[in-house]
Each structure stands twice: as structure tokens, then as C-alpha cells.
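Engineer: My numbering puts the first residue of the sequence shown at 234, with every later residue one more than the last. Beta carbons: idealized from backbone N, C-alpha and C, even for Gly.
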Amino acid sequence: PSVRCQKALLVTGGKSLEKAIEWLEEHQNDADIDEPWTVVGSAPGKPKMSVEEQRKRIQDAIQKAKSQRQQSEAESEKERE
Numbered sequence: 234p235s236v237r238c239q240k241a242l243l244v245t246g247g248k249s250l251e252k253a254i255e256w257l258e259e260h261q262n263d264a265d266i267d268e269p270w271t272v273v274g275s276a277p278g279k280p281k282m283s284v285e286e287q288r289k290r291i292q293d294a295i296q297k298a299k300s301q302r303q304q305s306e307a308e309s310e311k312e313r314e
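And the structure:
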């Protein structure tokens, strides 16, 4: 699923985890969801992250999104009471 997460972060500009999650939910059944994209015109000389760094960043983003969602759900639950 890391390709999915990378796509979601790229499409949403990495500005909002909420938007990335929404994109993932909308596109989870796309036939090409697990096919990597080729980045054209990337900046030369820019250091690339290792696979492990990418995985960690994606996992951190997922964990942060889960925490934000849980917090939002808890706040919604309190408002209902």
C-alpha cells in the first residue's frame, strides 16, 4: 500500500492528511492504484529519500491521520452528548 500513500500525498500536495485519506478512499478500487507513477522533470541533485525513509514518512503520516480522525470522532461524540 505504500504506492497508494505516495500517490495520495502527491495528489494532495502533502498539505492535508485528511485530504490524502479522502483521496485514498475515493480511489482505493482504481485498477492502477498499486502501479507506481514515474515522476518527470524531478529536480536534479536533490537528495532522494531511501526506501526506509519513505516508509517511515508514510507510516508517520498514516499514524498522524489516524490520531486526527480519532480526535475528530471523539469531539463529534462529545457534541452529540
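#1: For residue 257, count neighbouring C-beta atoms within 10 Å of its own C-beta (all shown protein chains included) and say buried if the count is 16 or more, exposed if not.
#2: Just the C-alpha distance for residue 253 and residue 302, rounded to the nearest angstrom, thanks.
#3: Take residue 239 as the anchor and find which of 304, 262, 313, 292 has the nearest alpha-carbon.
#4: Measure the alpha-carbon distance for residue 285 versus residue 310 and round it to whole angstroms.
Structural biologist: With the given structure in hand:
#1: Locating residue 257 in the sequence shown gives position 24, where the first residue counts as 1. It is buried - the Cβ of residue 257 has at least 16 other Cβ atoms within 10 Å.
#2: As a first step, residue 253 is located in the sequence shown; it is residue number 20 there, counting from the start. As a first step, residue 302 is located in the sequence shown; it is residue number 69 there, counting from the start. When the Cα atoms are used, residue 253 and residue 302 turn out to be separated by approximately 12 Å.
#3: One-based indexing of the sequence shown puts residue 239 at position 6. Out of 304, 262, 313, 292, 292 has the C-alpha closest to the C-alpha of residue 239.
#4: The sequence position of residue 285 within the sequence shown is 52, counting from 1. The sequence position of residue 310 within the sequence shown is 77, counting from 1. When rounded, the distance between both Cα atoms is 37 Å.
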